[in-house]
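There are 2 protein chains.
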Amino acid sequence: MTIPATMRALLLKHDGYSAAPSDASLADMASFVELGEIGVPEPGPSQVLVKVRAASINPSDVMFVKGLYGQPRHKGQPAGFEGVGEVVAAGSDAAGQKLVGARVAFPTGLSNWGSWADYAIAEAAACIPLIDGVNDVDGAAMIVNPLTALAMFGIVKEEGEKAFVLTAAASQLCKLIMGVAAEEGYRPIAIVRRDDQIALLEKAGAAHVLNATAPDFDAALKAVMKKEQPRIFLDAVTGPLAGRIFNAMPKRGRWIVYGRLDTETTPIPEPGQLIFMHKRIEGFWLTNWLRAAAPERRVGVVMEAQKRFADGRWSTDVTAVVPLDEAIARVPGELAKPNGKVFIAP
Amino acid sequence: MTIPATMRALLLKHDGYSAAPSDASLADMASFVELGEIGVPEPGPSQVLVKVRAASINPSDVMFVKGLYGQPRHKGQPAGFEGVGEVVAAGSDAAGQKLVGARVAFPTGLSNWGSWADYAIAEAAACIPLIDGVNDVDGAAMIVNPLTALAMFGIVKEEGEKAFVLTAAASQLCKLIMGVAAEEGYRPIAIVRRDDQIALLEKAGAAHVLNATAPDFDAALKAVMKKEQPRIFLDAVTGPLAGRIFNAMPKRGRWIVYGRLDTETTPIPEPGQLIFMHKRIEGFWLTNWLRAAAPERRVGVVMEAQKRFADGRWSTDVTAVVPLDEAIARVPGELAKPNGKVFIAP
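Sequences listed follow chains A and B, in order. When you line the first sequence up against UniProt numbering, it's residues 1 to 346, in that order. When you line the second sequence up against UniProt numbering, it's residues 1 to 346, in that order.
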């Protein structure tokens with residue numbers, strides 16, 4: 001295959017971090033990335049060059065381009081943390097050479113060459129060669145959400161209680177978690193903000209779905225907590241709502257923050273609960289989890305994720321697949337639609 | 001020794017818990033306890049009856065009488081979590097019988113017969129027979145603060161970093177912690193609210209003392225955090241100040257709440273730090289620690305505490321020893337004075 005000298009990509013417009021708080025919406029995408037033409041990168045010895053077929057847009061991508069994610073931006077580099085594509089070149093290491101010609105799901109985390117581009121660079125060891133049953137959009141969203149889902153559900157299982165709480169429960173990530181959980185007899189308590197999500201999430205595996213904007217929410221929450229005694233609260237929103245949920249949890253409750261969709265101040269309503277009820281507040285970040293997890297556990301969740309997409313237990317709800325050239329004009333509008341995922345396809 | 005039929009005691013005026021938030025001041029002591037005459041209790045098989053010589057007033061006592069501590073109140077029972085006195089009677093078990101005649105430090109935690117009285121009931125197994133070098137006020141404050149100090153300093157040691165942060169650092173508890181810490185080469189960072197406490201705490205073992213009301217506090221805090229890289233923050237206050245301190249801590253910082261002196265809302269200034277900086281927020285309660293700790297660890301800290309008081313490495317700063325009859329009139333005023341401890345003596 002002939003590899004061109006240059007390629008199109010959505011390039012970061014800023015360096016480092018931003019001090020301005022913001023949420024996970026992307027109405028002002030043009031403030032953060034621009035379509036540009038740059039040289040096609042060369043893979044290092046342990047890397048591969050992937051011709052991108054599709055790249056997903058995760059909440060973590062949005063926070064990253066805004067400078068609000070835990071990694072610094074590099075101006076002029078393509079954005080995009082994961083994608084699917086064909087390996088068209090590789091560095092000198094055998095691991096990468098063996099992948100040439102393969103269709104792979106890939107993360108770009110360590111390479112600084114993002115997936116919102118015609119070509120991307122990934123570490124060969126981090127690529128997942130895809131079996132035929134996995135389609136391109138599933139492959140493009142195979143890593144960030146599925147691994148986070150399986151890793152966080154692992155925390156629920158370690159803690160032992162069958163019930164656990166989720167905010168922003170209509171997200172793709174939460175639907176993945178609830179599917180696995182329901183299969184294994186766990187009881188997700190899904191917190192949402194709209195009644196039309198209730199039936200959808202019950203189907204996705206939720207044991208209870210509560211609308212946080214309903215007038216009887218606090219009473220309903222209290223009743224569910226009493227009945228189900230959840231220990232783990234997987235929280236993507238923070239802010240006052242998350243504080244109220246944590247406050248209603250029983251003894252030994254653990255508030256695990258993995259997202260920050262609400263930028264309002266986050267209160268701890270009754271700090272005495274930390275003392276007398278042995279509650280605690282912590283965070284989850286896939287990057288840290290991958291660093292700290294035992295290799296067999298890491299490989300286990302990767303295999304598990306691929307099997308689930310291949311046999312149809314998991315699938316990706318697609319809002320839109322937007323061509324790279326149209327991304328800045330169309331992605332903000334597509335992202336604002338509920339319940340599905342948006343992809344960029346060169 | 002003849003034991004009378006009745007005794008004087010400061011009796012709880014309310015049952016259970018209170019819903020009204022409050023701080024650790026006790027200006028309205030008369031709202032919560034009253035001087036009364038009740039029957040002298042009979043020790044159960046595993047218990048002893050102690051003729052009280054002195055009883056301390058800890059912040060946990062204040063929170064308890066107000067109904068804001070992790071144990072329910074029982075109306076008509078004496079308050080007071082610990083004291084010193086002579087064992088004058090015992091239940092049938094050999095452990096208690098052996099203590100008759102001994103001067104002991106005692107906790108009342110499980111007996112519901114408090115130490116703010118002429119006589120108190122304690123579990124024989126929890127009493128600490130005192131050696132001569134330990135005076136009565138040291139004995140009366142031998143358990144709650146010293147064991148909390150040694151248990152929390154144990155957490156600092158387990159975490160490994162030499163530096164750690166303390167709020168309400170002029171408290172007796174913090175002075176105990178700083179003394180042990182300095183001896184072992186640890187570097188306490190003491191946060192106070194008044195300049196006249198600075199020299200005092202440097203003497204007590206603080207590596208740094210910062211006045212939180214100083215105009216350059218945030219800059220000074222930032223500089224100290226950068227230099228010392230503390231991991232543990234032992235917090236007795238909560239509220240906005242504690243949030244600011246947690247926010248300034250480096251990666252992997254742990255905010256350990258053991259008191260609630262500030263009743264203002266407690267914010268988590270940047271919840272993203274929980275995710276990307278691996279910080280967490282938890283609580284410490286001696287009662288839980290004693291339940292969970294290995295017996296040899298428990299015995300170890302009790303022995304260590306007594307040795308430290310006996311050989312003079314630790315001593316108790318006394319603000320006042322107030323007679324039981326005068327307690328309700330005088331204790332609020334004495335408690336409002338800084339830097340020392342208030343005792344009640346029958």
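Glycine included, every Cβ here is placed at the ideal spot set by N, Cα and C. In this text the structure is predicted, and so the values were computed from the model without any measurement.
Closest option to residue 193 of chain A, judged by alpha-carbon separation, among A:164, A:247, A:262 and A:136: A:262.
Those residues of the segment 264-293 of chain A placed with their C-beta closer than 9 angstroms to a C-beta in chain B are 265, 266, 267, 268, 269, 270, 271, 272, 273, 274, 275, 276, 277, 278, 279, 280, 281, 282, 283, 284, 285, 287 and 288, ordered along the chain. The shortest CA-to-CA distance from residue 76 of chain A to any of A:107, A:30 and A:11 is the one to A:11.
Taking a C-beta distance under 8 angstroms as the contact criterion, residue 124 of chain B and residue 102 of chain B do not qualify as a contact pair.
Here the segment 297-311 of chain B makes contact with the segment 148-158 of chain B; the two share three or more CB pairs at distances below 8 angstroms. Cβ neighbours of residue 321 of chain A within its own chain (closer than 6 angstroms, five residues either side excluded): 343 and 345. Contact annotation: the segment 238-250 of chain A does not touch the segment 247-254 of chain B, with fewer than three C-beta pairs closer than 8 angstroms. In this structure, the beta-carbon distance from residue 205 of chain B to residue 236 of chain B does not fall below 8 angstroms. For a Cβ distance threshold of 7 angstroms, residue set 271, 274 and 275 of chain A lies close to residue 257 of chain B, ordered along the chain. From the beta-carbon of residue 70 of chain B, the residues of chain A found nearer than 9 angstroms are 272, 275, 276 and 277.
Of all residues in the segment 221-239 of chain B, only 238 come within less than 7 angstroms of chain A when Cβ atoms are compared, listed by chain position. Proximity of the segment 10-30 of chain B to the segment 47-65 of chain A falls short of the contact definition, fewer than three beta-carbon pairs being nearer than 8 angstroms. Per DSSP, reduced to three states, the secondary structure at residue 333 of chain A is helical. The segment 32-41 of chain A makes no contact with the segment 272-288 of chain A, as fewer than three CB pairs between them are under 8 angstroms. Residue state for residue 141 of chain B is assigned as coil, using DSSP reduced to three classes.
From the beta-carbon of residue 73 of chain B, no residue of chain A is found nearer than 8 angstroms; the closest lies around 14 angstroms away.
Contacts with chain B at 8 angstroms (Cβ-Cβ) include residue 260 of chain A. Within its own chain, the residues whose Cβ lies closer than 6 angstroms to the Cβ of residue 58 of chain B, once the five positions on either side in sequence are excluded, are 144, listed in chain order. Three or more beta-carbon pairs separated by less than 8 angstroms are not found between the segment 197-211 of chain A and the segment 113-133 of chain A, which leaves the two stretches without contact. Nearest C-alpha to residue 15 of chain A among A:106, A:93, A:293 and A:31: A:31. Sequence-distant Cβ neighbours of residue 82 of chain B in its own chain, meaning closer than 8 angstroms and more than five residues away, are 55, 56, 58, 105, 106, 107, 108, 115, 140, 141, 142, 143 and 144. Inclusion of residue 250 of chain A and residue 225 of chain A in the CB contact set at 8 angstroms is warranted, their separation being smaller than that value. According to the DSSP assignment, residue 277 of chain B belongs to no alpha helix (DSSP H), since it is labelled neither H nor E. Classified as exposed, residue 227 of chain B has fewer than 16 neighbouring CB atoms from the shown chains inside 10 Å of its CB. Between residue 35 of chain A and residue 8 of chain A, the C-beta gap is smaller than 8 angstroms, which places the two residues in contact. A direct Cα-to-Cα measurement between residue 216 of chain A and residue 13 of chain A gives close to 45 angstroms. Going by beta carbons, residue 273 of chain A and residue 161 of chain A fall outside the 8 angstroms limit. For residue 59 of chain A, the uninterrupted alpha helix (DSSP H) segment begins and ends at 59-65. Counting only the Cα atoms, residue 167 of chain A lies some 14 angstroms from residue 266 of chain A.
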